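In this note's numbering, the protein residues as written are 818 to 1148.
Input: a single structure, listed below in structure tokens.
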Amino acid sequence: QTVLITGASGFIAAHVVEAFLRKGYNVRGTVRSEKAAAEVLKMHAKYSGQISVAIVPDIAAPNAFDEAVKGVDGVIHTASPFILNATDFETELLQPAISGTTGILEAIQKYNSAVSRVVITSSFASVLDPTQGQRPGYVYTEADWNPSTVEQANSSPVMAYLASKTFAERAAFDYVKQKKPNFTVATLCPPMVYGPIAHAVSGVDALNTSAGDIYRLINGSEKAVPDTSFWAFADVRDVAEAHVLAFEKPQAAGQRYLIANSAYSYQQICDIIREKFPELQDKTPKGDTGAALPPIYKVDTTKAVTELGIKFRPLQETIVDMVNSLLALQK
Ligand code: NDP
């Protein structure tokens, strides 16, 4: 079986591609440039007979995926901008997120009736209500949707990112409802995703958003422990495995899944770094070592655990492996 994986050059996608290759699938990855194509092939050289690439320069362009979807058995759509500093929300965030998603679904329906499952990397961004903050006592489940309006989406770069994921995920389920294609859709909603960096990065200043957040905790640029923005995380390897499981499990048809480990805080991450990497103690903020988590919302992952059979790695393993990969990159 061959799966098409979009955005193969990304932080999460590197692990998603690896997870499918490891399981014996053939993978066709989409990237934006020849340079990224070469990097992706090199990254997965161990599986050279199983991997190929297709160039899709702009996922928001009409008919962007018409060629790439031909001849595959399944599609994993991870490509979407994750930036928190956009200035033109429409072109930098909303269009690629939404048109990228509806565009690939249209291309599949038009050109490939063999695809039976499409897995989409959505986000906890499309689940939480960003106006409610820490929301003590509240338990988020797959029944929750970020209620942001278009007006709220345009109120700040962060709100625009959160809304881009929300509107894109809604558009996917609406597409299936209205156009009744041959395929079913499953979406995955991870909060902050951390863990080892496997994709090609030109340098520490070109890290993806969630890796950049942790890098700032080890390079001396944060003098105090920053405020935690989302109170749940997932390990990138667990998120990758979830994509394979959501692709394979019949019962994932039409479902969305919260993919999250326990709650965490930046304080806990700093505590782990300072304990496990004593050489970083003068670069990593100390804060209030050992402080308990404040009262915050919970994320109920029962559905992913029981239906997908996923197991989650603990924060310490995620952070230690991530910091080791960041230190290697820094060299
Ligand atoms: P990356 O920035 O590493 O990956 C994003 C990928 O999407 C890259 O391959 C990028 O290509 C591609 N992409 C973005 N915009 C476009 C565009 N306009 N046209 C073509 N390709 C585009 O981030 P992540 O790996 O973190 O994100 C992957 C997915 O996971 C996204 O959908 C994101 O919303 C979601 N997610 C991430 C979380 C996290 O904490 N990291 C949390 C929850 C969800 P290029 O490399 O060329 O820029």
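Don't be surprised by glycine CBs; every beta carbon is placed ideally from N, CA and C.
Computed from a prediction, not measured in an experiment: that's the story for all the values here.
Nearest-angstrom Cα separation, counted from residue j out to residue i
i, j, result
"Ala1109", "Ser1038", "24 angstroms"
"Asn843", "Leu1132", "31 angstroms"
"Asn929", "Pro998", "10 angstroms"
"Pro974", "Phe906", "7 angstroms"
"Ala830", "Thr895", "7 angstroms"
"Gly1020", "Pro1111", "35 angstroms"
"Ala977", "Thr983", "10 angstroms"
"Arg1091", "Ala878", "46 angstroms"
"Val1140", "Ala1023", "16 angstroms"
"His1060", "Lys1093", "30 angstroms"
"Tyr864", "Phe1047", "36 angstroms"
"Leu1062", "Ala924", "24 angstroms"
"Ala853", "Ile872", "9 angstroms"
"Gly841", "Asp1052", "22 angstroms"
"Thr1045", "Ala914", "25 angstroms"
"Ala1049", "Pro1043", "15 angstroms"
Residue environment, residue i, which counts as buried when at least 16 other CB atoms sit within 10 Å
i, result
"Asn902", "exposed"
"Glu986", "buried"
"Asn963", "buried"
"Gly917", "buried"
"Asn1078", "buried"
"Ile900", "exposed"
"Ala1028", "buried"
"Ser972", "exposed"
Helix, strand or coil at residue i [DSSP, three-state]
i, result
"Ala989", "helix"
"Arg1091", "helix"
"Ala878", "coil"
"Ala1015", "coil"
"Ser869", "strand"
"Asp1052", "strand"
"Gly846", "strand"
"Asn944", "It is worth fixing the name first, because residue 944 is Val in this sequence and not Asn. Here Val944 sits in coil by DSSP."
"Leu761", "Because residue 761 is not part of the residues shown, which for the chain are 818 to 1148, the question remains open."
"Ile1136", "helix"
"His861", "coil"
"Leu901", "coil"
Minimum C-alpha distance to residue i - residue among the options
i, options, result
"Ala970", "Gln1085, Thr1026, Thr904", "Thr904"
"Arg845", "Gly891, Gly827, Glu851", "Gly891"
"Ile1031", "Ala960, Gln926, Val1137, Val944", "Val1137"
"Lys1128", "Thr1004, Ser933, Ala1057, Ala1070", "Ala1057"
"Gln1072", "Ala1121, Tyr1081, Gly824, Leu858", "Ala1121"
"Arg1130", "Val1010, Asp1088, Gln1084", "Val1010"
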